[in-house]
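In the numbering used here, the protein residues as written are 7 to 354.
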Ligand SMILES: Nc1ncnc2c1ncn2[C@@H]1O[C@H](COP(=O)(O)OP(=O)(O)O)[C@@H](O)[C@H]1O
Ligand SMILES: [Mg+2]
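Here it is as structure tokens:
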């Protein structure tokens, strides 16, 4: 581009080839005749958004704040913003062991409900299991000799209501992986990447409780599905976001599809807003977050988690192209692909 400063991007390797998602440890941008500026691809306290228990705590607090604001302003509407998108996008979640009593109270209200237990400090589906009886948690804690002493317990879990009516395609469950780039927290400047994908399970979905421990049916993580007998090496068990949108438009209609996409944008914005004031907004930092979102059979999106270091390893050629584009947009902040400033969608 004429007149634009020449930029030299230098990727300093962090995790090594065996840990591709850690490979962008640091990026140095050198403008012509200007000193080298270091830019780091994380904000110092990103865990407020990306740790499974902290994000839940922060969103619960944020929701209460919004409800209070509305009550004070005399508006008795439920927690919907004027953009019609809701902020009730997290499945009911408790942190264990701290919230055990609250959880059991909730569980007893609907004893046939299904819940998913996830360690707060793990990823790639590790340590996750699904339960439908209180007895199972008790047994699990005994088997694992967990110290349910609140003061000392380091192994914390979140337990979330299981979305048991996911939208199925070809009878299989999937979730979405979307990329959101934050370049500043104050003011909030965030872009949702135009590329993303749906990750499919390899086994047809049923609500049969006898199948609750079948990870190939319930957990969409590629790190699990790639070991499934029916894993498709050619497409990596993935659809591009673009193809998913085309499919939804064709099968459900354009209007509901665009409502779904607006609601997903709204989830991204509200989740960022929920932690905005907690984040250290350093101009030398940016961060690309990987959003996991499940769409249910009523086309309602649910936020499952936000990842700080979304996997950048590629399973197929098109996956590689997409991830190169994601990394490129993170590295060159002037050239964000699919530029869309989410702030514009905030309406309160
Ligand atoms: N509340 C839920 N309802 C339905 N499926 C879920 C729920 N939470 C997680 N899952 C499934 O489990 C997978 C892993 O959960 P996630 O929270 O993303 O943990 P991880 O950090 O291990 O990826 C998700 O990608 C999704 O397929
Ligand atoms: Mg995940």
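Every residue gets a Cβ at the ideal spot worked out from N, C-alpha and C, and that includes glycine.
Counting along the chain, residue 191 sits inside no alpha helix (DSSP H), nor does DSSP assign it H or E at all.
Ranking 202, 95, 168 by CA distance to the CA of residue 247 puts 202 first. Around the beta carbon of residue 215, fewer than 16 other beta carbons sit within 10 angstroms, so the residue counts as exposed. The alpha-carbon separation between residue 64 and residue 221 amounts to approximately 29 Å.
For residue 184, the closest alpha carbon among the candidates 133, 75, 244, 141 is that of 244. Straight-line spacing of the CA atoms in residue 164 and residue 142 works out to 15 Å. Residues close to ligand 2 by the beta carbon criterion (under 7 Å to any non-hydrogen atom) are, from first to last along the chain, 129, 227, 298, 310, 311, 313. DSSP places residue 264 inside the alpha helix (DSSP H), whose first and last residues are 260-282. When DSSP states are grouped into helix, strand and coil, residue 309 belongs to the strand group.
The straight-line gap separating the alpha-carbon atoms of residue 72 and residue 280 is approximately 10 Å. Judged by pairs of C-beta atoms under 8 Å, the region 125-138 does not touch the region 264-282, as fewer than three such pairs exist. Our two residues, residue 194 and residue 254, have alpha carbons roughly 31 Å apart in a direct line. Between the region 93-102 and the region 305-314, the count of Cβ pairs shorter than 8 Å is three or higher; the stretches touch.
Rounded to whole angstroms, the Cβ separation of residue 199 and residue 187 is 7 Å, and the two are in contact under 8 Å.
With fewer than 16 other CB atoms across the displayed protein chains lying within 10 angstroms of its CB, residue 330 is exposed. Counting the other Cβ atoms within 10 Å of the Cβ of residue 176 gives fewer than 16, which makes it exposed.
Judged by DSSP in its simplified three-state form, residue 58 adopts helix.
For residue 176, the Cβ stays outside the 7 Å cut-off from all heavy atoms of ligand 1. Not one heavy atom of ligand 1 falls within 7 Å of the beta-carbon of residue 63.
Residue state for residue 67 is assigned as helix, using DSSP reduced to three classes.
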